[in-house]
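Residue numbers (my numbering), protein chains in the order written: chain V, 555 to 897; chain L, 195 to 726.
Structure (C-alpha cells):
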C-alpha cells in the first residue's frame, strides 16, 4: 500500500485531496499519516471529511480513520461508479474542492454522472465556481470529456448555502493537450459581485481595475446577487486568450477597503499578462493530474507554487510518469508531463 | 465501526443569536458558531426557544442548515415566563430533560451553555452535573484577535473530573491527605487497616449518615471519630462542635438530661435549663461511645432525634431540634443485644448503614513500629522533652510486641501506657535495653491478670509448675475454663450441672458430679482443693 506523509510539502488538505483523486483514478489504495501535522487544528477537519466521504461514496471504498481530528487515514477504493450524487459541504467550505476530488475519476467512468454540490462556491483559498466553468472545464472538454457546470446560487463565506450542478459525459480516454503558447489575448473582462452589500463597493473595485489595468469601461460589470443567504463580495478578472481563459479572483473582507481587494486581483492579472504564459498559478496545480492521466501534455506557467510541487510528488507516487519543470526565465517556467495513458 | 452521533442541546439566544437582516452574518452568533466549527460536527441540534421568539428560531435554524448541511436542527418550544426566575427555568429545563429520550450508547450529548440567561446557564449546569443530562458542556467563544472574523472557538467541559489528569492527581493528593489525617499522620502498614481508613475517608466526606465504629476497647474509636469530625470541618462540611460521651457512664434520669437536656424544675436539682449534648452537637458531630449501654428510653428518643432531628428535653413540652451527625462506637455485638431485647432493632438499623470494624493492635502487628514512634512523639509533645530508644532497645521491644506472647488486650491504650512508662523512666532521655526488659515484665504480668488469662491463672493455682509445662495448650484452655466454673460454684454437683447441662437434658449422663470429678482427677486435682 502506498504511504503518504501528510505533513510533506504543502502539508495541508491539498495532500489528502490529491491522494484521494489519484487513488480513485488508479485504483491504488493508500495510507496517509501525519495529516495536517503542525497546523493549528491538526488532523481531518469537516471539509476534508466531506471530500473523503465523497470519494468513498463514488468508489465504495474501504476507509479507516475517517473521523474529525484523525491524523491517519487508510483508503482502498473499488472501481468508481458513474451516477447521480449530491455532496454538501459544511462551514461554508469550498464545494469546488470537493468536485475536484472526484471529477477526474468520473471523467473516465462508464456512464454519465450528475452531481449537485452545496456549500461555498466562492471561497478564499479555493478555485471559485467561475474558474471551474470558464478555465478548467473547457480544457477538460478539449481533452475529450464533456463536462458542464451550472451555478444555481452562489455561496459566500461565512453563510454558505451556494449550489451548483455538474453533468459529466465521460471520455473513454483523455487526449493530450499542450498549452505552451497562449496566443493572442482576445478579451478582457472584470466583474465585481456584491450580495447583501452596498453596490458602491463593487463600483469602487471596478474603478481600481479600470485604472490599474487600463480596462475599458465596457469591460466592467457590476453584478448584484439577490438570492444569496449571506453577504458576499468578489472581484474576478477574466483574461481570455486563444488557448485559455484565465480567471483571477479577490474576496472582499470585513475591514479591508474595496480598493485593496481589487488591487489584489489586478496585481495577479498583471503578473500573468506580463509573463506571457498560458496557465496561472492555480490552473498549473489543477492541470497536472489530467495531463498525467492522458499520458502527457505540456504548459507554460508562472513559477511553481508549493501546491504544484507537492502535487508533482504525489502524482509520481501513484502514476508512472515523468514531470519535468524547465525554468524559462525569472517569471515563467515550462512543465512537461510524460507517462502512461489511462483508459 | 460507526461513529457515535453528536447531539447538541441549547437554548436560543434571544439576544446573542438575534438578527434578521443580512448584517446578522457580520456578528458572532453562538448557536451558528456551534455548528460552524471546522473540527466539530453536530449531527443534531435541539434548539429550545420561547414561543415569542419563534421567528428568530426559524431564522437561526435555516442559517444553521446553510452553514452546516450535515446538522439536523430540531426546534422545541420551551416555556418559562421569566428567564431570570430560577424555579421556573429549572422546572422547564428539567421537564425537557426528563421527557427526552437519551441514547447514550449511540449518541454523544453536548449542552451548549453560551446562550440563555445566566439563570438558564446555571440550570443547564446543574442538570448536567446531576446527570439529568448525560452530557458534557460546550462553551463557544467569539473570535479573538485583531480581525475578529470566523466562527470563534469552542471548549468542551466534561464534568467527570476524573478525566482530567491534573485534577485527578489533585484529588488523589487530597485523598491521601484525608487518609493520612484520619490516621493522625501515622504511616500504617496493615493493608486491611489502610483499606478501612480509605473507605472511612470516602464515606466521611460524602455522607452525613451515622457511622458505627465497632472494635475492642483501645482500638482507637474515639480518636478516629474525632479525626472524622476534624476532617469534615477542615473541608467546610460542618461548622458545629465535636461532642463525645461514653454511654456506659450515664444512667437513668441523668442520662436523659445529659443527652437531651432538661427544663428548669423538671426534677429535683434541675435548677436551670440545660441544653443537653444533642443540642450542643447541633451542626456538628455527636460521638456516642458504648452505645450498647444506652437505656431503652434514651434509645427511643435518640432514634426520633436521628429520624426527625427533633426531641423533647426532660420535663419540656416544647420540642428541641438539633442537626448533628452521629458516630456511634461499640465493642459488643449489637445484633446479639437486639436478640436479647436489650437494644432496639430499628435503632441498630438506623445506625449501622456504615459499619466499620477497627482491628485491635494484635491484629495489626506491622503497625506497632510506626505507632511506637508516634507514641514517642506524642510523649515529647506532652512532656516537652524528646526521648529516644537505642537500636537494641527498639528491636527488643518490637520483637516482644509483635510476638504471640504480646496480647495487647488494651490495644493502643496498652502501647500508650508502655511508652509513657518507658519514656518517663528513661535515663538521660534514652530508653535502654534494660528499661525495655523491665517493661516487658510489667506487660506480661498485666496481661496475665487480664480476663483473657483468668483460666491460665486458675491452672497455675491448682497444679504444679512441672505438670503445667507438660500440658498441651488444648488441655490448658479447657481446664482453665472448667476450673473457673468450679471456683464460682458452691458444690461439685452445681458445677457439674452447669458444665453438662445440655447432655443432662438429653439424659445421656446419669451423674454430672462424678463425670467432673473424674475429669479433674486426670490432672491430679481434687474438689476439696478447689474449694479451699
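Glycine residues also receive a C-beta, built at the ideal position from the N, C-alpha and C atoms.
DSSP places residue 722 of chain L in the uninterrupted alpha helix (DSSP H) bounded by 721–724. 622, 623, 642, 644, 645 and 646: these are the residues of the stretch 622–648 of chain V whose beta carbon lies less than 7 Å from some beta carbon of chain L, given in chain order. Per the DSSP secondary-structure output, residue 243 of chain L pairs in a beta bridge with L:271. Around residue 233 of chain L, the beta-carbon contacts reaching into chain V at under 8 Å are 595, 597, 599, 600, 622 and 623.
One finds 263 in chain L with Cβ atoms closer than 8 Å to the Cβ of residue 672 of chain V, taken in chain order.
In this structure, residue 762 of chain V and residue 820 of chain V form a Cβ contact; the two beta carbons are roughly 7 Å apart against a cut-off of 8 Å. Contact with chain V is found for residue 220 of chain L, since one of that chain's Cβ atoms lies less than 8 Å from the residue's Cβ. Pairing residue 707 of chain L with residue 687 of chain L gives a Cβ-Cβ distance under 8 Å. Residue 711 of chain V carries a coil assignment under DSSP once its states are collapsed to helix, strand and coil. Contact between residue 662 of chain V and residue 724 of chain V holds, since their C-beta atoms are separated by about 6 Å, short of 8 Å. The way I'd put it, the stretch 509–524 of chain L does touch the stretch 391–408 of chain L; three or more beta-carbon pairs between them come closer than 8 Å.
Residue pairing by DSSP leaves residue 309 of chain L without any beta bridge partner.
Separation of the CB atoms of residue 871 of chain V and residue 877 of chain V is rounded to 12 Å, and the pair is thereby denied contact status at 8 Å. Assigned with DSSP and collapsed to three states, residue 805 of chain V falls in strand.
A direct Cα-Cα distance of roughly 60 Å separates residue 604 of chain V from residue 384 of chain L.
Annotation for residue 344 of chain L: 337 place their beta carbon closer than 6 Å to its own, counting only its chain and skipping 5 residues before and after. The beta carbon of residue 255 of chain L is closer than 8 Å to those of 241, 267 and 269 in its chain, skipping five residues each way along the sequence. Rounded to whole angstroms, the gap between the alpha carbons of residue 710 of chain L and residue 484 of chain L is 38 Å. Segment contact: the stretch 692–702 of chain V against the stretch 808–825 of chain V, fewer than three CB-CB distances shorter than 8 Å; contact not assigned. Contact annotation: in the stretch 697–717 of chain V, residues whose CB is within less than 7 Å of a CB in chain L are 712, 713, 714 and 715. In this structure residue 507 of chain L is in contact with residue 457 of chain L, their Cβ atoms being roughly 6 Å apart against a cut-off of 8 Å. Neighbours of residue 787 of chain V in chain L, taken as residues whose beta carbon is under 9 Å from its own, are absent, since the nearest beta carbon is some 12 Å off. Contact between residue 802 of chain V and residue 823 of chain V holds, with the beta-carbon distance rounding to 4 Å and staying under 8 Å.
Here residue 211 of chain L is buried: its Cβ has 16 or more other Cβ atoms, across all protein chains shown, within 10 Å. In this model, residue 697 of chain V and residue 893 of chain V are separated by some 16 Å (Cα to Cα). In the structure shown, the three-state DSSP call for residue 575 of chain L is helix.
Under the Cβ criterion of 8 Å, residue 257 of chain L is counted among the residues facing chain V. Taken atom to atom, the span from the alpha-carbon of residue 479 of chain L to that of residue 495 of chain L is near 17 Å. Using a CB distance cut-off of 8 Å, residue 614 of chain V does not count as an interface residue toward chain L. Following the DSSP letters along the chain, one finds residue 827 of chain V inside the alpha helix (DSSP H) bounded by residues 812–829.
Residue 685 of chain L and residue 642 of chain L have their alpha carbons spaced roughly 27 Å apart. Two segments are said to touch when three or more pairs of C-beta atoms, one from each, lie closer than 8 Å; by this definition the stretch 456–472 of chain L does not touch the stretch 412–420 of chain L. Residues of the stretch 788–820 of chain V that bring their beta carbon within less than 8 Å of a beta carbon in chain L comprise 807, 808 and 809, in sequence order. Interface criterion not met: the Cβ of residue 268 of chain L is under 8 Å from no Cβ in chain V.
With respect to the 8 Å criterion, residue 634 of chain V and residue 648 of chain V are not classified as neighbours on the basis of their beta carbons.
For residue 197 of chain L, the chain V residues whose C-beta falls within less than 8 Å of its own C-beta are 621, listed in chain order.
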